[in-house]
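In the numbering used here, the protein residues as written are 10 to 575. Even for Gly, the Cβ is constructed at its ideal location relative to N, Cα and C. Working notes, structure below.
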């Protein structure tokens with residue numbers, strides 16, 4: 010009620026939506042402060058989510074109790090020592106939780122097996138006895154075995170875990186999970202709190218296992234059936250983000266947590282090591298697939314350096330797929346799936362020595378026209394091939410032409426042919442992440458040709474786009490870090506320039522033009538957007554065709570790019 014009153018006063022109207030743009034102001038009004046590793050607005054929203062959850066839990070209990078009071082029929086039976094009243098599982102009057110506290114976990118396991126709801130009376134009993142879930146309880150072998158069965162059982166695992174979370178059991182049994190409850194990241198990319206993301210990811214693993222996601226994620230759906238110790242996969246998913254918000258690298262802290270917690274859950278030494286490895290490396294595959302040029306041999310070498318075997322590659326591929334899908338609707342796409350698949354098959358080939366099982370590439374036939382545009386429905390993208398005499402700044406001109414055409418570039422590869430011609434291959438999408446409609450291909454081709462000729466007026470057109478597409482007010486409340494990093498070790502031939510900052514129309518062109526003005530040739534690029542944040546990686550060479558050398562040169566480039574990003 011306090012929040013609601015402040016919302017009305019802050020907005021000057023009967024506003025009932027707790028939108029992003031007013032959350033920071035509400036946090037300030039309610040005297041939340043930045044503390045440790047949490048922003049004031051994140052602390053406020055965590056408190057809000059916890060209170061909302063308590064209200065929701067209480068409402069469900071009250072409604073179920075009212076239903077029970079007004080139900081004229083009383084159906085009663087027993088199952089494994091529990092009572093079933095009108096289809097809801099309850100503790101028996103003769104059960105003594107002080108003597109057998111593990112029955113709290115067993116209640117949820119029996120409900121899962123039988124497909125039953127939990128009786129409101131049972132939830133009240135758990136609330137009264139929640140302190141029984143102490144360190145001794147946490148180390149109870151039966152309780153841990155039952156919990157792992159709940160986690161790995163294909164039937165309603167996420168549903169039961171969510172009920173355990175709502176009842177306060179999950180956070181008491183796994184204390185590290187308690188800290189993740191209602192923990193949010195104040196940005197436009199992560200759509201769920203950490204606990205909700207975790208439960209969704211576990212559910213997605215079960216959907217992959219059941220074959221429900223064959224169309225969206227065919228590779229992971231096939232690989233999961235070859236995983237012998239599926240417990241490791243599910244426990245790793247449960248733990249992988251629980252150390253967020255504590256400072257430091259959450260993947261490293263999570264790997265250490267696995268070494269402590271897995272033995273308690275009955276996992277073998279080998280399984281514990283695998284679980285710890287998987288959590289430590291759970292971002293490894295997505296970072297390489299989206300941020301590195303897979304045609305560069307050094308990319309594959311660096312990626313496989315941390316992959317002990319094909320078995321580890323398989324489990325990491327499944328994990329990566331489920332983790333991305335659980336971030337939120339639209340975060341997984343056919344294009345991302347193709348990137349993961351390409352990296353998987355290249356890595357499998359390197360680890361086994363067998364030929365790469367990628368989709369066969371058609372024989373190289375150079376286009377007989379300057380611009381060729383085709384849609385690739387499998388990858389949900391559009392390919393643009395440009396063949397034209399090479400010149401300095403060509404990439405910037407093409408990137409500008411594609412930006413003027415209001416398309417999104419996701420990847421670019423630039424080759425220089427023996428006859429002095431440049432072959433630039435762009436993968437683009439429309440602004441909703443789909444292939445560009447065929448009726449727009451001619452317009453894009455015209456813009457590219459004008460861009461090559463220098464008659465398009467790229468800067469003027471992009472300036473108009475910026476004024477037309479001003480960011481909405483709700484997006485301006487987010488702090489988006491900006492900067493750059495240079496990597497001279499990731500490629501044998503090129504310097505990697507990684508640029509990150511707030512996404513906007515024409516950003517790619519501005520960066521490409523700055524690199525051009527510094528005398529750098531872009532050889533390939535990987536373009537990514539995470540909510541409001543753009544993360545672009547460029548493979549570049551200097552005027553002599555070598556990597557960038559010299560601290561002064563790098564410092565000058567960094568200064569130039571920061572002006573663009575700020």
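Counting only the same chain and skipping the five closest in sequence on each side, list residues whose C-beta sits under 6 Å from that of residue 305.
Here the question's residue 305 lines up with position 296 in the chain shown. The answer, listed in chain order, is 500.
Beta-ladder partner(s) of residue 493, from DSSP
Numbered from 1 along the chain shown, position 484 holds the residue referred to as residue 493. Residue 493 is bridged to 508.
Determine, using beta carbons only, whether residue 195 and residue 48 come nearer to each other than 8 Å.
Here residue 195 is taken as the residue at index 186 of the chain shown, counted from 1. Here residue 48 is taken as the residue at index 39 of the chain shown, counted from 1. Less than 8 Å separates the beta-carbon of residue 195 from that of residue 48.
Tell me the residue span of the beta strand (DSSP E) that contains residue 431.
Sequence index remark: in the chain shown, residue 431 carries index 422 (1-based). In the DSSP annotation of this structure, the continuous segment of the beta strand (DSSP E) that includes residue 431 starts and ends at 430-438.
Express the C-alpha separation of residue 491 and residue 509 in angstroms, rounding to a whole number.
The residue you call residue 509 lines up with position 500 of the chain shown. The residue you call residue 491 lines up with position 482 of the chain shown. Each residue's alpha carbon lies about 5 Å from the other.
How is the alpha helix (DSSP H) around residue 119 delimited, first residue to last?
On the chain shown, residue 119 is found 110 positions in, with the first residue counted as 1. Unbroken alpha helix (DSSP H) run through residue 119: 112-123.
Secondary structure, alpha helix (DSSP H): runs of 4+ residues fully inside the segment 236-264
Here the runs fully enclosed are 239-248.
Going by C-alpha distance, which of 465, 420 and 399 is nearest residue 414?
Taking the first residue of the chain shown as position 1, residue 414 is located at position 405. Among 465, 420 and 399, the Cα nearest to that of residue 414 belongs to 465.
What are the start and end residues of the alpha helix (DSSP H) that includes residue 413?
Translated into positions along the chain shown, residue 413 becomes position 404. Element bounds for residue 413: 403-413.
For residue 108, name the three-state secondary structure that DSSP assigns.
Taking the first residue of the chain shown as 1, we reach residue 108 at position 99. Note: residue 108 maps to coil in three-state DSSP.
Using a Cβ cut-off of 8 Å (strictly closer), state whether residue 173 contacts chain B.
The structure shown contains no chain B; it holds only a single protein chain.
Quick one: grab the DSSP three-state call for residue 481.
As a working note, residue 481 is residue 472 in the chain shown. In the three-state reduction of the DSSP assignment, residue 481 falls in the coil class, being assigned neither a helical nor a strand state.
Give the single residue among 104, 75, 274 and 383 whose Cα lies nearest to the Cα of residue 89.
Walking along the chain shown from the start, residue 89 turns up at place 80. Closest by alpha carbon: 104.
Have a look at residue 293 and residue 140 and give me their C-alpha separation to the nearest angstrom.
The residue you call residue 293 lines up with position 284 of the chain shown. The residue you call residue 140 lines up with position 131 of the chain shown. One C-alpha to the other measures close to 39 Å.
Option nearest residue 377 by Cα separation, candidates 390, 69, 287 and 395:
Within the chain shown, numbered from 1, the residue matching residue 377 stands at position 368. Out of 390, 69, 287 and 395, 395 has the C-alpha closest to the C-alpha of residue 377.
Quick one: residues in its chain with C-beta nearer than 7 Å to the C-beta of residue 429, no 5 flanking neighbours on either side, listed in chain order?
Numbered from 1 along the chain shown, position 420 holds the residue referred to as residue 429. Correct list, in chain order: 398 and 399.
Distance, Cα to Cα, residue 159 vs residue 58?
Here residue 159 refers to the residue found at position 150 when the chain shown is read from its first residue. Here residue 58 refers to the residue found at position 49 when the chain shown is read from its first residue. For the pair residue 159 and residue 58, the Cα-to-Cα distance works out to about 25 Å.
Compute the Euclidean distance between the alpha carbons of residue 280 and residue 238, then round it to the nearest angstrom.
The residue you call residue 280 lines up with position 271 of the chain shown. The residue you call residue 238 lines up with position 229 of the chain shown. Rounded to the nearest angstrom, the two C-alpha atoms are 8 Å apart.
By a C-beta neighbour count over all protein chains shown, 10 Å radius and 16 as the cutoff for buried, is residue 565 buried or exposed?
For the purposes of this step, residue 565 is identified with residue 556 of the chain shown, where counting begins at 1. By the neighbour-count rule (16 or more Cβ atoms within 10 Å), residue 565 is not buried but exposed.
When you compare the segment 427-445 with the segment 347-362, are there three or more beta-carbon pairs, one atom per stretch, that lie closer than 8 Å?
Taking a cut-off of 8 Å for Cβ pairs, the segment 427-445 and the segment 347-362 do not touch, as fewer than three such pairs fall below it.
What three-state label does DSSP hand residue 99 in the structure shown?
Translated into positions along the chain shown, residue 99 becomes position 90. DSSP places residue 99 within a strand segment (E or B) once states are collapsed to three.
Looking at the structure shown, is residue 579 part of a helix, part of a strand, or coil, going by DSSP?
This structure cannot speak to residue 579, because the chain is shown only from 10 to 575.
Can you name the residues that DSSP bridges to residue 8?
One cannot answer for residue 8 here, as it falls past the ends of the chain, which runs 10 to 575.
Give me the Cα-Cα distance between residue 21 and residue 15, rounded to the nearest whole angstrom.
Position 12 of the chain shown, counted from the start, is the residue given in the question as residue 21. Position 6 of the chain shown, counted from the start, is the residue given in the question as residue 15. Distance between the alpha carbons of residue 21 and residue 15: 10 Å.
Please confirm if the segment 239-252 is in contact with the segment 208-216, defined as three or more CB-CB distances below 8 Å between the two stretches.
Verdict: yes, contact present.
Could you tell me which residues DSSP puts in a beta bridge with residue 391?
The residue given as residue 391 occupies position 382 in the chain shown. Its beta-bridge partners are 384 and 437.
Pull up the CB-CB distance for residue 531 and residue 524, whole angstroms please, since I reckon it's below 8 Å.
To locate residue 531, count along the chain shown from 1; it is residue 522. To locate residue 524, count along the chain shown from 1; it is residue 515. About 6 Å separates the two Cβ atoms, so the contact holds.
DSSP puts residue 576 in a beta bridge; with which residues?
This structure does not reach residue 576, given that the chain is present from 10 up to 575, and the question cannot be answered.
Please report how far the alpha carbon of residue 337 lies from the alpha carbon of residue 206, in whole angstroms.
As a position in the chain shown, residue 337 is number 328, starting the count at 1. As a position in the chain shown, residue 206 is number 197, starting the count at 1. Between the alpha carbons of residue 337 and residue 206 lies a distance of about 8 Å.
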